[in-house]
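In what follows, a structure is listed as structure tokens, so that the remarks can point back to it.
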Ligand SMILES: [Zn+2]
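Residue numbers (the numbering used here): 1 to 261.
Now the structure itself:
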């Protein structure tokens, strides 16, 4: 990924999608907002107790920096599931009912979700002109959200997996993600080569969510995958990390939108 900056707001973009015209993509950082303390500074969610006014101003700044009208943004509601919402022009400005996978083929409809360690997944189909944004923590990864998202693009828009450009965004890395045996059991049950998905050290398991999601995308036939390899817990200057900050932190935002050509 590459880091971008404007008016004190910084965000990351996938390099494999930059060459494609007509796609807006932005993964926010903590930089440039007005929240303070554990939320400093560009917190984009009220879910952990920050003031609604500050979050609203942060959101306005982020959207302005990336040239997206804040009033049009369609906000996801993530519940660690794998339900799919096909978003239309009528959804502009709405907060959706619970869905961890959002898709659209309508230009000017920005899809938005918030994160603090879970994996943001983006799928862009430059041929069919469609985009997906999905949320995969360990539960979503265990539900094969990445593969379900690819199938949903095919079902909704006729996307061919080989045409898709995929991105695995900033999220907790294997060096910081110790998990219990129940998580390892869940992933073992749904992966063909689970032994590549974790390290074992001193009797503990360290899960690689990036590798698990990349493996699912490959299983689904996606050939162009960019893994950001940006660990939220390693880079607290740029990211919020639920794990590294013991739940007392804010949320990053992931936004994708098809632009008019
Ligand atoms: Zn790390």
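Every residue gets a Cβ at the ideal spot worked out from N, C-alpha and C, and that includes glycine.
inquiry  = Quick check: what's the CA-CA separation for residue 25 versus residue 17?
reply    = On the chain shown, residue 25 is found 25 positions in, with the first residue counted as 1. On the chain shown, residue 17 is found 17 positions in, with the first residue counted as 1. C-alpha separation (whole angstroms): 8 Å.
query = In or out: residue 242 buried (at least 16 other Cβ within 10 Å) or exposed?
reply = Counting from one through the chain shown, the residue named residue 242 turns up at place 242. Label assigned to residue 242: buried.
Cutoff 7 Å; reference residue 92; Cβ partners in own chain excluding five residues on either side = Walking along the chain shown from the start, residue 92 turns up at place 92. For residue 92, where only same-chain residues beyond five positions count, the Cβ hits under 7 Å are 72, 74 and 109.
query = What are the start and end residues of the beta strand (DSSP E) that includes residue 119?
reply = Position 119 of the chain shown holds residue 119. Element bounds for residue 119: 119-125.
ask   = residue 21 to residue 261, Cα distance in whole Å?
value = Translated into the one-based positions of the chain shown, residue 21 becomes position 21. Translated into the one-based positions of the chain shown, residue 261 becomes position 261. Approximately 8 Å between the Cα atoms of the pair.
task = Kindly indicate the opening and closing residues of the beta strand (DSSP E) around residue 6.
result = Sequence index remark: in the chain shown, residue 6 carries index 6 (1-based). Here the beta strand (DSSP E) through residue 6 covers 2-6.
request  = Please confirm if residue 148 has its CB atom under 8 Å from at least one CB of chain B.
outcome  = The structure shown contains no chain B; it holds only a single protein chain.
query = Whose C-alpha, out of 169, 141, 148 and 171, is nearest the C-alpha of residue 85?
reply = Against the chain shown, residue 85 aligns to sequence position 85. The shortest Cα separation from residue 85 among 169, 141, 148 and 171 belongs to 148.
ask   = In its own chain, which residues sit with a C-beta less than 8 Å from the C-beta of residue 151, not counting the 5 before and 5 after it?
value = Here the question's residue 151 lines up with position 151 in the chain shown. These residues qualify, in order along the chain: 220.
ask   = According to DSSP, what are the bridge partners of residue 12?
value = Taking the chain shown and counting its residues from 1, one reaches residue 12 at position 12. According to DSSP, which records beta bridges pairwise, residue 12 is partnered with 3 and 27.
ask   = Roughly how many angstroms separate the alpha carbons of residue 218 and residue 225, rounded to a whole number?
value = Along the chain shown, one-based indexing puts residue 218 at 218. Along the chain shown, one-based indexing puts residue 225 at 225. Going from the Cα of residue 218 to the Cα of residue 225 covers about 8 Å.
message = Restricting to runs no shorter than 4 residues, where is the alpha helix (DSSP H) found entirely within the region 171-195?
response = If we require 4 residues or more, the alpha helix (DSSP H) runs fully inside the region 171-195 come out as 181-190.
request  = Would you list the one or two residues that DSSP bridges to residue 200?
outcome  = Working through the chain shown from its first residue, we reach residue 200 at position 200. DSSP lists 205 as partners of residue 200.
ask   = Between residue 142 and the rest of its own chain, which residues show a CB-CB distance below 7 Å, the 5 nearest in sequence each way excluded?
value = What you label residue 142 is simply residue 142 of the chain shown in a count that begins at 1. Within the same chain, residue 142 has close Cβ partners 186, 187 and 190.
Beta-carbon proximity of residue 132 to residue 122, cut-off 8 Å = In the chain shown, counting from the first residue as 1, residue 132 sits at position 132. In the chain shown, counting from the first residue as 1, residue 122 sits at position 122. Taking 8 Å as the Cβ cut-off, residue 132 and residue 122 qualify as a contacting pair.
ask   = Do residue 176 and ligand 1 come close, with the Cβ less than 7 Å from some heavy atom?
value = Working through the chain shown from its first residue, we reach residue 176 at position 176. Yes, since a heavy atom of ligand 1 falls inside the 7 Å radius drawn around the Cβ of residue 176.
message = Counting C-beta neighbours from all protein chains within 10 Å, is the total for residue 232 16 or more, i.e. buried, or is it exposed?
response = By 1-based counting over the chain shown, the position of residue 232 is 232. Around the beta carbon of residue 232, 16 or more other beta carbons sit within 10 angstroms, so the residue counts as buried.
query = Exposed or buried, residue 97, counting other C-beta atoms within 10 Å across all chains shown (16 or more means buried)?
reply = Locating residue 97 in the chain shown gives position 97, counting from the first residue. Its Cβ having fewer than 16 others within 10 Å, residue 97 is exposed.
ask   = What are the boundary residues of the alpha helix (DSSP H) that residue 150 is part of?
value = Working through the chain shown from its first residue, we reach residue 150 at position 150. Counting along the chain, the alpha helix (DSSP H) containing residue 150 begins and ends at 145-157.
ask   = What are the residues that DSSP puts in a beta bridge with residue 168?
value = Along the chain shown, read from residue 1 onward, the residue named residue 168 stands at position 168. Paired residues: 121 and 227.
query = How long is the line joining the alpha carbons of residue 63 and residue 53, rounded to whole angstroms?
reply = On the chain shown, residue 63 is found 63 positions in, with the first residue counted as 1. On the chain shown, residue 53 is found 53 positions in, with the first residue counted as 1. If I take the Cα positions, the gap works out to 15 Å.
query = Roughly how many whole angstroms lie between the Cα atoms of residue 2 and residue 12?
reply = The residue you call residue 2 lines up with position 2 of the chain shown. The residue you call residue 12 lines up with position 12 of the chain shown. Cα to Cα, the separation comes out at about 5 Å.
query = Is residue 169 near ligand 1, in the sense that its beta carbon is under 7 Å from a heavy atom of that ligand?
reply = In the chain shown, the residue the question calls residue 169 occupies position 169. No - ligand 1 has no heavy atom lying nearer than 7 Å to the Cβ of residue 169.
key: Stretch-stretch touch, CB-based, cutoff 8 Å, three pairs: the region 44-51 with the region 237-251   = yes
task = Whole angstroms is fine: what's the gap from residue 165's alpha carbon to residue 89's?
result = Taking the first residue of the chain shown as position 1, residue 165 is located at position 165. Taking the first residue of the chain shown as position 1, residue 89 is located at position 89. Looking at the two C-alpha atoms, the distance is approximately 23 Å.
ask   = Count the other CB atoms within 10 Å of the CB of residue 137; is the residue buried (16 or more) or exposed (fewer)?
value = Translated into positions along the chain shown, residue 137 becomes position 137. Result: buried.
key: Own chain partners of residue 158 with C-beta closer than 8 Å, once the 5 adjacent residues on each side are dropped   = Mapped onto the chain shown, residue 158 falls at position 158. Only 128 meet the Cβ criterion.
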